[in-house]
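Notes follow the structure.
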Amino acid sequence: MANHRRIKAVVFFTVFNAFLFLSIPSPPSTEERKAFSVYQQKTYFPKTSQALTVHFISGPGKGPTVLVFGGIHGDEEAGYLTAERFIHVGIKNGNLILVPRLNGVAIKKRQRQGLGGDMNRLFDLPETTRHRNPDAKVVDLAKSLIQQADYVINLHQAYDFYAPRWISRERNPSKWGQCNVIDTPIYYLHNGDKLEPGRFAQMVSQRSNERIKNKKYQFLVNNTNTGGPKTRHEEQKGSLTYYALTKQHKIALAVEATKNCSLPEAIAFLTIAVNSALGEAGIQSYFLPTEDFLVIGREINAGKKKSKTGGQAGTHGRSTEPAAAFNDALVFAPT
Ligand SMILES: [Zn+2]
């Protein structure tokens, strides 16, 4: 009888445990998660030096469209390497359009300019002369993608650190590192509505800075006041973000990471900024790229090895070890 009761108990606990196991959903695998999002990619201007691939990712739910550009300047490596890290994200709602290497010629040359000069000054070329610029077709493609977006993020890198007031030669209003650049805080539309890139940039900075413990590397908002009568940045009238805001009425942000750190650290900063922008725009995700610069360093090294064996393009042999001076500088809070 006792034996019979023991068997009954074993059966009961086995069934009970099986029930528990089945009722607690195990986290979906990467492949399962990917199945929720739709991935498409298209290569434009194939077999030319200006060939570029655009990635379209759509989540199952409704939501905004965020467009991320990298590589408009070829000497800002962290920008295009960061945009490429988002190709496999899984999003629950909305759409993500990625153009990691907008200016392929400049990237190949590792220079700011490609075939037609500084591409971030070509978005206001006059109709009568623009056809003479060899980059006009790339700019036109960027403009048509901007049309599909609600939010536009352009990734950059620059030396030193932006500050609204002069603090030092490294940290002052003429520097661009570690800031979210807007052309104006509020943009009024003819129909009485208004866009608030300033509020968006501030929230993206705030979300980012919660994950950047070292205050020296926290993001500030840099308002270039591009359209204002006393602007110090007349040249920005030809920029991608000013075009997106004033001609297509999109919230547009240029994110600048500093070059005064290692490449993995700069990529980590830009990844934090994009993750923050997606969150602020209202895109929920299943998984996003890691913001840990040590993991990013390993990713880059793995990419280099792959490129040596004929795989994806690597990082052109540049040192990707985190600089010793910054090893203790960046400690990210868990996300
Ligand atoms: Zn740039």
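Residues in the sequence shown are numbered from 7 upward in steps of one, following the numbering used here.
Just so you know, even glycine gets a beta-carbon here, dropped at the ideal spot from N, CA and C.
Item                                                                                                    : Value
Whole-angstrom C-beta distance between Gln242 and Thr252, which should lie under 8 Å                    : That belief does not hold up - the Cβ atoms of Thr252 and Gln242 are roughly 11 Å apart, past 8 Å.
With 16 other Cβ atoms within 10 Å as the buried cut-off, status of Arg217                              : buried
When Ala283, Lys219, Arg136, Gly122 are compared against His79, the one with the closest alpha-carbon   : Gly122
Uninterrupted alpha helix (DSSP H) stretches inside the segment 67 to 146 (no shorter than 4 residues)  : 83 to 90, 110 to 115
Inter-residue Cα distance where the pair is His239 and Phe42                                            : 43 Å
Beta-ladder partner(s) of Ser180, from DSSP                                                             : According to DSSP, which records beta bridges pairwise, Ser180 is partnered with nothing at all.
With 16 other Cβ atoms within 10 Å as the buried cut-off, status of Pro33                               : Confidence in Pro33 is poor, its pLDDT being 49 and thus under 50, which makes the residue's placement unreliable; the coordinate value appears in the next sentence. Exposed.
Cutoff 7 Å; reference Ala319; Cβ partners in own chain excluding five residues on either side           : Only weak support is given to the placement of Ala319: the predicted model assigns it a pLDDT of 39, under 50, and the question is left unresolved by the model.
Bridge partner(s) assigned by DSSP for His162                                                           : Glu262
Nearest neighbour of Pro106, chosen from Gly198, Asn197, His94 [CA to CA]                               : His94
Contact test: Ile78 Cβ vs ligand 1 heavy atom, cutoff 7 Å                                               : yes
Cα-Cα separation, Lys98 to Ala308                                                                       : 29 Å
Touch test, the segment 201 to 220 against the segment 166 to 176, Cβ-Cβ under 8 Å, three pairs minimum : no
Gly204 versus Ser291: straight-line alpha-carbon distance, rounded                                      : 24 Å
Gly96 vs Asn109 beta-carbon contact at 8 Å                                                              : no
Alpha helix (DSSP H) runs wholly inside the segment 220 to 290, at least 4 long, in chain order         : 246 to 252, 269 to 287
Rounded C-alpha distance that separates Ile278 from Glu297                                              : 6 Å
Start and end residues, beta strand (DSSP E) containing Leu300                                          : No beta strand (DSSP E) contains Leu300, which is instead part of the alpha helix (DSSP H) from 299 to 314.
In DSSP terms, what Thr54 is bridged to                                                                 : Note: Thr54 sits in no beta bridge, so no partner.
N- and C-terminal bounds of the alpha helix (DSSP H) containing Asn197                                  : Looking at the DSSP string, Asn197 is not in any alpha helix (DSSP H), and its letter there is neither H nor E.
His255 Cβ short of 7 Å to ligand 1 heavy atom set                                                       : no
Any non-hydrogen atom of ligand 1 closer than 7 Å to Glu82 Cβ                                           : yes
Residues near Ala101 by beta carbon distance below 6 Å, same chain, minus five either side              : The sequence given here has Asn at residue 101, not Ala. Correct list, in chain order: Ser64, Thr71.
Under the three-state DSSP convention, the category Ile407 falls into                                   : One cannot answer for residue 407 here, as it falls past the ends of the chain, which runs 7 to 341.
Contact test: His162 Cβ vs ligand 1 heavy atom, cutoff 7 Å                                              : yes
DSSP bridge partner residues for Tyr45 (one or two, in chain order)                                     : Ile63
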